[in-house]
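Here is the structure we will look at, set down as structure tokens.
Residue numbers (this note's numbering): 2 to 227.
Below, the structure is given as structure tokens:
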């Protein structure tokens, strides 16, 4: 994304920097809107999306080193911990480079938890948010995006349907509205959230996020580049 920003690439070209599941019409619209307003669109993910040869010669050694580091981490036992740590490093660097600017950081709920390291079992992960708080305490807010029912895509783009019926789930607090935004103060202490709609989280959303944006029903995005 830094390369795309510096070389003023079009929105459609910048989709190459995203995972397949985010190469969508919705992402394209957001990029187009931001670019038209000269808002820098940068990235912190550490998974290589473009071949090294797609970069100019002066960029290739750096890209190759990052690619090698990624594949070493991918073959190890602590890949997910490494990924959040490295994403947090990138975010901290950007924040240091733009100290007077506010930033909108779009990440999976897993990466923005205030207390991800307190989750149980496979959901336990020190999040980007937690690492960021170590460097810049009390300077960020996490808003989770959740949905009560609908259909969505796995990372391999296969379709799945879901409906959350747990009476204690925060997803049911959308009520009759198509969507609603609740602050942590508005979320009951006993409410829980569901990771990817099928795995119950063990730390309450009230303690994980400053707020939750809850959709009543969702539908798959429009994939425009797989």
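The beta carbon of each residue, even a glycine, is placed where N, CA and C say it ideally should be.
Source: prediction; values computed, not measured.
Check whether the Cβ atoms of residue 83 and residue 74 sit closer than 8 Å, and answer yes or no.
-> In the chain shown, the residue the question calls residue 83 occupies position 82. In the chain shown, the residue the question calls residue 74 occupies position 73. For residue 83 and residue 74, yes; Cβs fall inside 8 Å.
Assigned exposure category for residue 128 - 16 Cβ within 10 Å defines buried | The residue given as residue 128 occupies position 127 in the chain shown. With 16 or more other Cβ atoms within 10 Å, it is buried.
Reduced DSSP secondary structure (H/G/I, E/B, other) of residue 84 | Within the chain shown, the letter at position 83 stands for residue 84. DSSP places residue 84 in helix when its eight states are reduced to three.
List the whole-angstrom C-beta distance separating residue 160 from residue 222, where the pair is believed to meet the contact cut-off of C-beta under 8 Å.
-> Taking the first residue of the chain shown as 1, we reach residue 160 at position 159. Taking the first residue of the chain shown as 1, we reach residue 222 at position 221. Not a contact, Cβ separation roughly 11 Å.
Sequence-distant residues of its chain with Cβ nearer than 7 Å to residue 17 (five each side left out) = Numbered from 1 along the chain shown, position 16 holds the residue referred to as residue 17. 50 and 51.
Using a Cβ-Cβ cut-off of 7 Å (strictly less than) and excluding sequence neighbours within five positions of residue 169, which residues of its own chain qualify?
-> Taking the first residue of the chain shown as 1, we reach residue 169 at position 168. Cβ within range, chain order: 191, 192 and 193.
Short check: CB of residue 63 to CB of residue 156, under 8 Å?
-> Within the chain shown, numbered from 1, the residue matching residue 63 stands at position 62. Within the chain shown, numbered from 1, the residue matching residue 156 stands at position 155. For residue 63 and residue 156, no; Cβs fall outside 8 Å.
Spell out the partners DSSP gives residue 200 in its beta bridges.
-> Taking the chain shown and counting its residues from 1, the one referred to as residue 200 is at position 199. Note: residue 200 sits in a beta bridge opposite 196.
Check whether the stretch 128–144 touches the stretch 204–216, taking contact to mean three or more Cβ pairs, one atom from each stretch, closer than 8 Å.
-> By the Cβ test, the stretch 128–144 is in contact with the stretch 204–216, since at least three Cβ pairs between them sit closer than 8 Å.
Backbone CA spacing between residue 33 and residue 65 [nearest angstrom] | One-based indexing of the chain shown puts residue 33 at position 32. One-based indexing of the chain shown puts residue 65 at position 64. Residue 33 and residue 65 have their C-alpha atoms roughly 29 Å apart.
Taking the alpha-carbon positions, what's the residue 181 to residue 15 distance?
-> If you number the chain shown from 1, residue 181 lands on position 180. If you number the chain shown from 1, residue 15 lands on position 14. When rounded, the distance between both Cα atoms is 31 Å.
Going by C-alpha distance, which of 70, 7 and 105 is nearest residue 57?
-> As a working note, residue 57 is residue 56 in the chain shown. For residue 57, the nearest C-alpha among the options comes from 7.
Per DSSP, which one or two residues make a beta bridge with residue 162?
-> Reading the chain shown from its first residue, position 161 is the one you call residue 162. In DSSP, residue 162 forms a bridge with 152.
Run through DSSP, which three-state label would residue 207 get?
-> The count along the chain shown starts at 1 and reaches residue 207 at position 206. Three-state DSSP puts residue 207 in a helix.
Heavy atom of the ligand NAP within 7 Å of residue 175 beta-carbon | The ligand content of the structure shown is nil, which means the ligand NAP is not present either.
Per DSSP, residue 218 is paired with what?
-> Translated into positions along the chain shown, residue 218 becomes position 217. Per the DSSP secondary-structure output, residue 218 pairs in a beta bridge with 150.
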